[in-house]
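Each residue of the sequence shown is one higher than the last, beginning at 10 in our numbering. What follows is one structure encoded as structure tokens, with my remarks underneath.
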Amino acid sequence: LASAATMAPVDPETTSPGGDADPRALPAWLEARPRASLILEDGTVFRGFSFGHAGSAAGEVVFNTGMVGYPESLTDPSYAGQILVITFPLVGNYGVPSDERDALGLLKNFESERIHLKAVVIQDYSFTPSHYTAQRTLGEWLQQQRVPGIYGVDTRAVTKLIRQHGAILGKIEIEDGSQGQSLEFEDPNLENLSAQVSRFGCQVFSPPALLDAAEGSPERAAEAPSGQVNGMAPSRTVHILAVDCGIKNNIIRYLVNVLRVKLTVVPWDYDFTKDEFDGLFLSNGPGDPTHCAKTIGYIRAVMQRPNPPPIFGICLGNQLLALAAGAKTYKMKFGNRGMNQPCVDLRTTRCYITPQNHGYAVDNTSLPTEWTPLMVNANDGSNEGIIHQM
Numbered sequence: 010l011a012s013a014a015t016m017a018p019v020d021p022e023t024t025s026p027g028g029d030a031d032p033r034a035l036p037a038w039l040e041a042r043p044r045a046s047l048i049l050e051d052g053t054v055f056r057g058f059s060f061g062h063a064g065s066a067a068g069e070v071v072f073n074t075g076m077v078g079y080p081e082s083l084t085d086p087s088y089a090g091q092i093l094v095i096t097f098p099l100v101g102n103y104g105v106p107s108d109e110r111d112a113l114g115l116l117k118n119f120e121s122e123r124i125h126l127k128a129v130v131i132q133d134y135s136f137t138p139s140h141y142t143a144q145r146t147l148g149e150w151l152q153q154q155r156v157p158g159i160y161g162v163d164t165r166a167v168t169k170l171i172r173q174h175g176a177i178l179g180k181i182e183i184e185d186g187s188q189g190q191s192l193e194f195e196d197p198n199l200e201n202l203s204a205q206v207s208r209f210g211c212q213v214f215s216p217p218a219l220l221d222a223a224e225g226s227p228e229r230a231a232e233a234p235s236g237q238v239n240g241m242a243p244s245r246t247v248h249i250l251a252v253d254c255g256i257k258n259n260i261i262r263y264l265v266n267v268l269r270v271k272l273t274v275v276p277w278d279y280d281f282t283k284d285e286f287d288g289l290f291l292s293n294g295p296g297d298p299t300h301c302a303k304t305i306g307y308i309r310a311v312m313q314r315p316n317p318p319p320i321f322g323i324c325l326g327n328q329l330l331a332l333a334a335g336a337k338t339y340k341m342k343f344g345n346r347g348m349n350q351p352c353v354d355l356r357t358t359r360c361y362i363t364p365q366n367h368g369y370a371v372d373n374t375s376l377p378t379e380w381t382p383l384m385v386n387a388n389d390g391s392n393e394g395i396i397h398q399m
């Protein structure tokens, strides 16, 4: 009899169960899986198996506590330069949806045009996804985007280490080849990551016709006239200028389709100080906010207008607004990333469960006297929002 080692290995991602498959093929495939390691800067090594792109990568190792939403997380520009550890053990079980676009020309099922993180680390990988929207497996998608993945890792042990140690640099290396053996650790926070993920030109989005916005959705129909103020329809469409430091597609969709504003999205370093708009929106984004010195200067100039427009910042945008006001930011121990972060409104003490993804925060003690914290994280007390005392 031939040994199992001589059998052609089977790939669970491309082979259907049953049929005439050799029963010895699966053990052969299990033995032949390419091995990989997650190596942390402190010398800790977590061993597992490679999937997706068969390459190596280096970056900052962070964790996300969400149970679902990996297509959205992987395409979130705020993860640029990072190796993402997903704490929920089962990943890939509903596959990856199609690349279809919505009426605004944005990818309907993703937060941006591509995967931005450096690599993904999971525990149990589902080779055969089951979902009516699945068009490919997670591994196939990672391979198309040339993003390495590693599975078979105790991700909760990695998470506990990060929580104790703090954010740490790491790298993924393939063990059965020469690739990546000389790969150095890389600190993405030394770079201006917003410049890497921001669009290069201005883009204008206009709200759709009212009937189109409300079609097929009672909730959307109720929200469609949401440009109203105090129950009265505005005399014209509100114009918001959004600074793209890594803006997500769903933010654009909500502002245009639900709030029904005219939205002009500009690059991170665009000089908007001479532009006219009704409100300024500062987007989310990756990395250290102090690298966006140009953006901070432009925000400060708008704030100093005789009649400045309302300014709203989310995530990195909140930090940029604080820096423009004269406050300071700091790097958090391990950041807040997930879809279940408790956030307290200090005006009412009401707690909201929020999605978050940031590794830097505003130093509350550095806020000027005319500014005050608005929201704080209930887990660690870190700042999640500020407000100007008018």
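Just so you know, even glycine gets a beta-carbon here, dropped at the ideal spot from N, CA and C.
Rounded to whole angstroms, the separation of the alpha carbons of Gly-52 and Leu-291 is 38 Å. Arg-262 and Leu-39 have their C-alpha atoms some 44 Å from each other. Pairing Thr-273 with Phe-58, the inter-Cα distance amounts to about 44 Å. Membership of Trp-150 in any beta strand (DSSP E) is not indicated; the residue belongs instead to the alpha helix (DSSP H) covering 147-154.
DSSP places Pro-351 in the strand class (E or B) of the three-state scheme.
Short of 8 Å from the beta carbon of Gln-398, and not among the five residues preceding or following it, lie these beta carbons of its own chain, in chain order: Glu-379, Trp-380 and Thr-381. The segment 88-106 and the segment 273-287 do not touch, with fewer than 3 CB-CB distances between them shorter than 8 Å. Straight-line measurement puts the Cα of Leu-202 at about 6 Å from the Cα of Pro-295. DSSP, read as helix, strand or coil, puts Met-312 in helix. Collapsing the DSSP output to three states places Glu-393 in a strand.
DSSP places Glu-81 within a helical segment (H, G or I) once states are collapsed to three. Inter-residue distance for Pro-317 and Val-70 is about 40 Å (C-alpha atoms, whole angstroms). The distance from the Cβ of Ala-331 to that of Leu-268 is about 24 Å, inconsistent with a contact at the 8 Å cut-off.
Less than 9 Å separates the beta-carbon of Ser-87 from that of His-125. About 5 Å separates the Cβ atoms of Ile-159 and Ala-45, confirming a contact at the 8 Å cut-off. Relative to the Cα of Gln-350, the nearest Cα in the group Ile-256, Glu-393, Leu-93 and Val-252 belongs to Glu-393. For the pair Ser-121 and Tyr-79, the Cα-to-Cα distance works out to about 13 Å.
Fewer than three beta-carbon pairs drawn from the segment 344-364 and the segment 306-320 are found closer than 8 Å, and the two stretches are therefore not classed as touching. For Arg-110 and Lys-257, the gap between their C-alpha atoms comes out near 14 Å.
In the three-state reduction of the DSSP assignment, Gln-212 falls in the strand class, which pools E and B.
Under the three-state reduction of DSSP output, Lys-127 falls in the coil class, being neither helix nor strand.
Under DSSP, Tyr-88 shares a beta bridge with no residue.
Distance from the CA of Lys-117 to the CA of Asp-108, rounded to the nearest whole angstrom, comes to 7 Å. In its chain, beyond the 5 residues on either side, Phe-72, Val-94 and Thr-96 have a beta carbon closer than 7 Å to the beta carbon of Thr-168. Following the DSSP letters along the chain, one finds Gln-365 inside the beta strand (DSSP E) bounded by residues 360-371.
Taking Ile-396 as reference, the option from Arg-356, Thr-363 and Ile-362 with the minimal CA-CA separation is Arg-356. If the five residues before and after Arg-208 are omitted, its C-beta is found closer than 7 Å to the C-beta atoms of Asp-253, Val-274 and Pro-276, all from its own chain and listed in chain order.
Under the three-state reduction of DSSP output, Pro-157 falls in the strand class. Distance between Gln-328 and Pro-298, taken at the CA atoms: about 7 Å. Per the coordinates, the alpha-carbon of Pro-364 lies some 17 Å from the alpha-carbon of Leu-383. Sixteen is the threshold: since fewer than 16 other Cβ atoms of the shown chains lie within 10 Å of the Cβ of Ser-139, the residue is exposed. Of the residues Gly-61, Arg-172 and Gly-306, the one whose Cα lies closest to the Cα of Glu-149 is Gly-61.
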